[in-house]
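Residue numbers (full-length UniProt numbering): 1 to 302. Below: the structure, in structure tokens.
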């Protein structure tokens, strides 16, 4: 820091034309200004200024050093101004990680509205069902669904993630509608591979008790969107988040069953690294997303 201060004082001396004028500009004494310049010359091992009682003049090496230093200080000023502008309004690139299905169904459609509100904000969205390391992989934030482990990340809850048992009307027409949890064992289940136990479905009964049902997976998938396509084409029944199938249920393309049983509910979070000064682009995106999703979420609306 002393080195940068010495350079800044030297540039002021040359720009103002004298030690006295530089001292007045910087609010320092003339002797302190002279000390800064002398220290700079000693460190560089070169004379930068020729001093006489009447005037100052740059040496050859001093002129070259002044020109480079002046440009460098201007770059620093511009960098500080840019930081101030970026802290004032959302701008720059936001690097975001999201589960594949949630990103396709619920983040991608809102990007035009986000761009309209924040025209100087760009988004680099990476869709991946694995949990990325935000810090090591350079992400600003991530969408996480489920229970969060203790960590140094900051988490903001955006809303609930409810699940529903459903299938296509054509499937139920062929195979009957399950009327109890025990009936599920007689049906072709389509399961999501990334859950801890795909063949174990958990429910809360009306009395608040916990019920676990073991199903027979006829099809396992690692994509909720592919699972949805199999459902729509009558391949079986599944237990899946309503953010995947809510629109299909409202439109009658899928039918929800066993609604007397509640499923185990988790939450949707926006998570980001702990920071003393939260970037406006992160704050703006999370606020925008919370405004868009709401609680209860729009996909659960009747």
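All residues carry an ideal CB built from backbone N, CA and C; glycine is no exception. Note that the structure is a prediction, hence the values are computed from the model and not measured.
Bounding residues of the alpha helix (DSSP H) (the contiguous stretch that carries residue i)
i, result
"residue 18", "No alpha helix (DSSP H) contains residue 18, which DSSP labels as neither H nor E."
"residue 251", "242–251"
"residue 192", "Segment 188–192 is the beta strand (DSSP E) holding residue 192; no alpha helix (DSSP H) there."
"residue 37", "30–44"
"residue 284", "280–293"
"residue 231", "224–232"
Of the residues the options, the one placed nearest residue i, counting alpha carbons only
i, options, result
"residue 265", "159, 214, 28", "159"
"residue 288", "114, 26, 3", "114"
"residue 267", "300, 182, 161", "161"
"residue 116", "140, 90, 300", "90"
"residue 284", "259, 140, 166, 68", "140"
"residue 135", "254, 152, 239", "152"
"residue 243", "209, 211, 301, 259", "301"
"residue 296", "189, 157, 217", "157"
"residue 304", "291, 201, 124, 130", "Missing from the structure shown is residue 304; the chain here goes from 1 to 302 and no further."
"residue 3", "286, 103, 239, 40", "40"
"residue 45", "54, 62, 214", "62"
"residue 232", "241, 239, 245", "245"
"residue 201", "74, 165, 43, 54", "165"
"residue 293", "103, 79, 80, 27", "103"
"residue 193", "282, 224, 291", "224"
"residue 255", "80, 52, 228, 278", "228"
"residue 100", "110, 215, 75, 127", "127"
Bounding residues of the beta strand (DSSP E) (the contiguous stretch that carries residue i)
i, result
"residue 144", "141–145"
"residue 175", "Run containing residue 175: none in the beta strand (DSSP E); it sits in the alpha helix (DSSP H), 169–175."
"residue 200", "200–204"
"residue 220", "216–221"
"residue 311", "Because residue 311 is not part of the residues shown, which for the chain are 1 to 302, the question remains open."
"residue 256", "255–257"
Close beta carbons around residue i, own chain, < 6 Å, minus the five adjacent residues each side
i, result
"residue 154", "272, 274"
"residue 171", "234"
"residue 144", "269, 271"
"residue 262", "204"
"residue 10", "37, 40"
Beta-carbon contacts of residue i that lie in its chain and below 8 Å, excluding the five residues immediately before and after
i, result
"residue 58", "14, 48, 49, 50, 66"
"residue 23", "29, 30, 32, 33"
"residue 252", "169"
"residue 124", "93, 94, 95, 96"
"residue 56", "13, 14, 17, 18, 19, 49, 50"
"residue 7", "40, 69, 72, 73"
"residue 110", "288, 289, 292"
Sheet register partners of residue i (DSSP bridge)
i, result
"residue 268", "145, 159"
"residue 57", "50"
"residue 262", "204"
"residue 274", "None; residue 274 has no bridge partner."
"residue 121", "92"
"residue 210", "204"
"residue 238", "166"
"residue 127", "98"
"residue 154", "272"
Closer than 7 Å: residue i CB and nearest the ligand ZN heavy atom
i, result
"residue 125", "The ligand ZN is absent from the structure shown, which contains no ligand whatsoever."
Close beta carbons around residue i, own chain, < 7 Å, minus the five adjacent residues each side
i, result
"residue 177", "257"
"residue 149", "none"
"residue 305", "Examination of residue 305 is not possible in this model, given that the chain is present from 1 through 302 alone."
"residue 118", "90, 284"
Rounded distance between the beta-carbons of residue j and residue i, thought under 8 Å
i, j, result
"residue 191", "residue 183", "Between residue 183 and residue 191 the Cβ distance is about 17 Å, and since that is not below 8 Å, they are no contact."
"residue 107", "residue 98", "6 Å"
"residue 92", "residue 121", "7 Å"
"residue 299", "residue 247", "7 Å"
"residue 211", "residue 189", "At roughly 16 Å, the Cβ-Cβ gap does not stay under 8 Å, so residue 211 and residue 189 are not in contact."
"residue 36", "residue 5", "7 Å"
"residue 187", "residue 237", "5 Å"
"residue 215", "residue 185", "7 Å"
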